[in-house]
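Please read the structure below before turning to the comments.
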Amino acid sequence: MIQMYNMSKVYSNGVRALDNLSIEIERGDFVFLIGSSGAGKSTFLKMIFREELPTEGHVIIDGRNIERLSDSKVPYLRRNIGVVFQDFKLLKSKTVYENVAFAMRVIGMKGSIVDRQTKNVLDMVGLLHKARMYPEQISGGEQQRVCIARALVNDPGILLTDEPTGNLDPDISKDIMNMLKKINLRGTTVIMATHDKNIVDTMRERVVVLKEGRIIKDTERGLYSYEVNE
Amino acid sequence: MKLMNDLNYYIKEAFVSFFRGGLMSFTSITTITISLAIFGMILIFSMNLKEFAGILESQVDVTIYLVEDYSEDKLQELKDFIIDIPEIQSSVFVSKAEALEKLRKELNEEDFLLNALETNPLPDSIELKIKSSLSVHDIIKKLRSKFLIIDDIFYGQEIVEKVNRFTQVLRIMGTILVVLLGLASMFIVSNTIKLTVYARREEIEIMKLVGATNSFIRWPFIFEGILQGAFGGVMAIIIIMITYPQIIDNLKSMLPFMPFVSRKADLFLLYGKLLFSGVFLGVIGSLISVRKFLDV
């Protein structure tokens, strides 16, 4: 469970990205985070895996207050959170396979398990046949799927995705949404920042609307146009 | 099992980065090699000097001259006292007649000079060999204050003190030089590692974001430092292995009395010190640069 109480984030340049925000997200929820650029969606996600710390208020994940987490405990928090980054953050010098396996290797997993699990998730995102290629040799959409595979490889309890369908054509984004839903049904909490009206409207999941760092709407089975325009 | 698995990863990563480092790795190894070779030379020099001083010291002769008239009892008392001093290796009583005979032998052909003497001017004496020059002062002081039958004491005090002083100066200067060289090496190792860390900052950032612990990120860089240090150490050892015997050969004809150290055990100890110093420099150098970079 993710809980945020009266949380604000002011960056060192003075920008107030989040403003007195409170929310609870249950384990196994599927949440769309929508709002215009600069509304605070990315900062919201960064708070959860502690890339940033709140300036005021509290962020509590599974009962643990993350701003009180010592630096040495942070890695263990992150192992339970898969992140699909807006800019993918893939390593150009490593193959598709290595990029995914890397995420398991660096948390100290054994070679044989790494190999099996890496092939598993690559198969799941439909990229097993491109495992030996380098990121620059595949399309943007495929890079995104590699990023999703890497986020899933450690079987996280929480999956954060920042605009995961932004670069994809509609067919592929539908596939990815199906995949995320499947993962969600297995019990993983999915939080997805997006601009994609179609996807939000098709899925009919919880929709949280951010504006200028505040939650202006939180609907159980929301629709994009309805939530934003009103 | 997990440890072996991780260790395997660290070492592999270190080797990859080490060879990818190319010129920078080469630069830092060269610096370490030069520093350690100089360090080794200084060690060898002081080792030889110590050996030389040791031989000089073992030859420290103290001669006790006795007064003209004394009783046998008093002499026995002195002899007994000397035997009980552990620092004294041996003692020999030399009567005035023996002393004259010795002098005559030393003068060789000029012994006619002695014929002009009417009486033997030499006193009876006791010659002592002392184990270490450090205890000479105390022993002499004790003897002087205790025994009235002692007229005078002569010993090679000055030479020994000069050697001791020279060794000390050399040790201080050597230490300063070695510390400076060590700092320079560390600085360069740390810069080399900093460059590898910088080149891999993206990778490090991702490692942190997917939950790698700091120590997991740190170890490959530390191993890389160890690798550079060990390489530098081995190179320095090879340089010394090649040059030192040649230096001995060249100097032996010039300084035939100088006892050059070439015992295998001493040299191996020296090589061990160099290798250890190299690894130490490498570890410290990499720790300095990795520490700062880990706050992603």
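Protein chains in written order, with full-length UniProt numbering: chain A, 1 to 230; chain B, 1 to 296. Backbone N, C-alpha and C fix where the C-beta goes; we use that ideal spot for every residue, glycine too.
Taking all protein chains shown into account, decide if A/D162 is buried (16 or more other Cβ within 10 angstroms of its Cβ) or exposed. Here residue 162 of chain A is taken as the residue at index 162 of the first sequence, counted from 1. Result: buried.
What did DSSP end up calling A/T189 once you bin it into helix, strand or coil? As a first step, residue 189 of chain A is located in the first sequence; it is residue number 189 there, counting from the start. Note: A/T189 maps to strand in three-state DSSP.
Take the Cβ of B/D124 as the centre, count every other Cβ of all protein chains shown within 10 Å, and call the residue buried at 16 or more, exposed below. Walking along the second sequence from the start, residue 124 of chain B turns up at place 124. It counts as buried.
Do A/A39 and A/L210 have their beta-carbon atoms positioned less than 8 Å apart in this structure? Taking the first residue of the first sequence as 1, we reach residue 210 of chain A at position 210. Taking the first residue of the first sequence as 1, we reach residue 39 of chain A at position 39. Taking C-beta atoms as the reference points, A/L210 and A/A39 count as a pair closer than 8 Å.
If contact means a Cβ-Cβ distance below 8 Å, which residues of the stretch 212-229 of chain B contact chain A? A212, T213, N214, F216 and I217
Is there a Cβ of chain A sitting closer than 8 Å to that of B/L209, yes or no? Against the second sequence, residue 209 of chain B aligns to sequence position 209. So, interface residue.
Alpha helix (DSSP H) containing B/D73: first to last residue? Residue mapping note: residue 73 of chain B aligns to position 73 of the second sequence, counting from 1. Its alpha helix (DSSP H) spans residues E72 to I83.
Let me confirm a value: B/K102 is counted as buried when at least 16 other C-beta atoms fall within 10 Å, else exposed. Which label applies? Counting from one through the second sequence, the residue named residue 102 of chain B turns up at place 102. Answer is exposed; the Cβ neighbour count stays below 16.
Just the C-alpha distance for A/N20 and A/S8, rounded to the nearest angstrom, thanks. Residue 20 of chain A sits at position 20 when you count from the first residue of the first sequence. Residue 8 of chain A sits at position 8 when you count from the first residue of the first sequence. If you draw a straight line from the Cα of A/N20 to the Cα of A/S8, it comes to about 5 Å.
At a Cβ threshold of 8 Å, is B/Y9 touching chain A? Within the second sequence, numbered from 1, the residue matching residue 9 of chain B stands at position 9. Output row for B/Y9: interface = yes.
Could you check the C-alpha separation between B/D69 and B/G40 for me, to the nearest Å? Working through the second sequence from its first residue, we reach residue 69 of chain B at position 69. Working through the second sequence from its first residue, we reach residue 40 of chain B at position 40. Cα to Cα, B/D69 sits roughly 57 Å from B/G40.
Helix or strand or just coil, what does DSSP make of B/S289? Position 289 of the second sequence holds residue 289 of chain B. In the displayed model, B/S289 falls within a helix according to three-state DSSP.
To the nearest angstrom, report how far apart B/G174 and A/A103 are at their CA atoms. Along the second sequence, read from residue 1 onward, the residue named residue 174 of chain B stands at position 174. Along the first sequence, read from residue 1 onward, the residue named residue 103 of chain A stands at position 103. Using only the alpha carbons, I get a separation of about 49 Å.
Residues of the stretch 109-132 of chain A with a CB closer than 9 Å to any CB of chain C: list them in chain order, please. Checking the listed chains, one finds no chain C in this structure; the protein chains it contains are A and B.
8 Å Cβ cutoff, A/R64 in contact with chain B: Within the first sequence, the letter at position 64 stands for residue 64 of chain A. No - not a single Cβ of chain B is within 8 Å of the one on A/R64.
Within 10 angstroms of its Cβ, does B/V179 collect 16 or more other Cβ (buried), or is it exposed? Residue 179 of chain B sits at position 179 when you count from the first residue of the second sequence. Exposed, because fewer than 16 other Cβ atoms sit within 10 Å of the Cβ of B/V179.
Spatial distance of A/Q3 from A/K174 (CA atoms): For the purposes of this step, residue 3 of chain A is taken as the residue at position 3 of the first sequence. For the purposes of this step, residue 174 of chain A is taken as the residue at position 174 of the first sequence. Near 30 Å, if we compare the C-alpha coordinates of A/K174 and A/Q3.
Does any residue of chain B bring its CB to less than 8 Å from the CB of A/A39? For the purposes of this step, residue 39 of chain A is taken as the residue at position 39 of the first sequence. Not an interface residue.
C-alpha gap between A/N99 and A/N80, whole angstroms: On the first sequence, residue 99 of chain A is found 99 positions in, with the first residue counted as 1. On the first sequence, residue 80 of chain A is found 80 positions in, with the first residue counted as 1. If I take the Cα positions, the gap works out to 18 Å.
Starting from A/Q143, trace the alpha helix (DSSP H) in both directions and tell me its first and last residue. As a first step, residue 143 of chain A must be located in the first sequence, where it is residue number 143. Per DSSP, A/Q143 belongs to the alpha helix (DSSP H) from G140 to L152.
What number of angstroms, rounded off, separates the C-alpha of B/Q246 from the C-alpha of A/G108? The count along the second sequence starts at 1 and reaches residue 246 of chain B at position 246. The count along the first sequence starts at 1 and reaches residue 108 of chain A at position 108. Taking the straight line joining both Cα atoms gives about 51 Å.
Counting C-beta neighbours from all protein chains within 10 Å, is the total for A/D123 16 or more, i.e. buried, or is it exposed? Here residue 123 of chain A corresponds to residue number 123 of the first sequence, with the count starting at 1. Its Cβ having fewer than 16 others within 10 Å, A/D123 is exposed.
Does the separation of the CB atoms of A/I60 and A/L77 fall below 8 Å? Residue numbering aside, residue 60 of chain A sits at position 60 when the first sequence is read from its first letter. Residue numbering aside, residue 77 of chain A sits at position 77 when the first sequence is read from its first letter. Contact: no.
Within the same chain, show all residues whose beta-carbon is closer than 7 Å to that of A/E220, passing over the 5 residues directly before and after it, in chain order. In the first sequence, residue 220 of chain A corresponds to position 220, counting from 1. Contacts found: R206.
Count the C-beta pairs between the stretch 191-198 of chain A and the stretch 34-48 of chain A that are closer than 8 Å, then say yes if the count reaches three, no if not. yes
Reduced DSSP category for B/Y271 - H, G, I as helix; E, B as strand; rest coil: Indexing the second sequence from 1 puts residue 271 of chain B at position 271. Three-state result, B/Y271: helix.
By DSSP, does A/N80 sit in helix, in strand, or in coil? Counted from its first residue, the first sequence places residue 80 of chain A at position 80. In this structure, A/N80 counts as coil in the three-state DSSP scheme.
What is the DSSP secondary structure of A/K58, counted as helix, strand or coil? The residue given as residue 58 of chain A occupies position 58 in the first sequence. A small fix is needed here, since residue 58 of chain A is His in this sequence, not Lys. Looking at A/H58 - three-state DSSP - the assignment turns out to be strand.
State the Cα-Cα distance for the pair B/I153 and B/L251, rounded to the nearest angstrom. Residue mapping note: residue 153 of chain B aligns to position 153 of the second sequence, counting from 1. Residue mapping note: residue 251 of chain B aligns to position 251 of the second sequence, counting from 1. B/I153 and B/L251: Cα-Cα distance of roughly 37 Å.
Alpha carbon to alpha carbon, how far is B/N120 from B/R263? Taking the second sequence and counting its residues from 1, one reaches residue 120 of chain B at position 120. Taking the second sequence and counting its residues from 1, one reaches residue 263 of chain B at position 263. The alpha-carbon atoms of B/N120 and B/R263 are separated by roughly 48 Å.
If B/S35 sits next to B/A184, beta carbons under 8 Å apart, how far is it from one beta carbon to the other, in whole angstroms? Locating residue 35 of chain B in the second sequence gives position 35, where the first residue counts as 1. Locating residue 184 of chain B in the second sequence gives position 184, where the first residue counts as 1. Going by Cβ atoms, the distance from B/S35 to B/A184 rounds to 7 Å, so yes, they are a contact pair.
Kindly indicate the opening and closing residues of the alpha helix (DSSP H) around A/L18. Translated into positions along the first sequence, residue 18 of chain A becomes position 18. From DSSP, A/L18 is part of no alpha helix (DSSP H) but of the beta strand (DSSP E) over R16 to I25.
According to DSSP, is A/E163 part of a helix, a strand, or is it coil? Within the first sequence, the letter at position 163 stands for residue 163 of chain A. Here DSSP, grouped into helix, strand and coil, assigns A/E163 to coil.
Any idea if A/E224 is buried or exposed, counting beta-carbon neighbours within 10 angstroms, 16 or more meaning buried? As a working mapping, residue 224 of chain A is identified with position 224 in the first sequence. The residue asked about is misnamed: residue 224 of chain A is Tyr in this sequence, not Glu. A/Y224 is buried by the Cβ-count criterion.
Which partner residues does A/M7 have in the DSSP bridge list? On the first sequence, residue 7 of chain A is found 7 positions in, with the first residue counted as 1. Answer is A/L21, bridged to A/M7.
Going by Cα to Cα distance, which pick from A/G63, A/D62 and A/T95 is closest to A/L128? The sequence position of residue 128 of chain A within the first sequence is 128, counting from 1. Closest option to A/L128, Cα to Cα, is A/T95.
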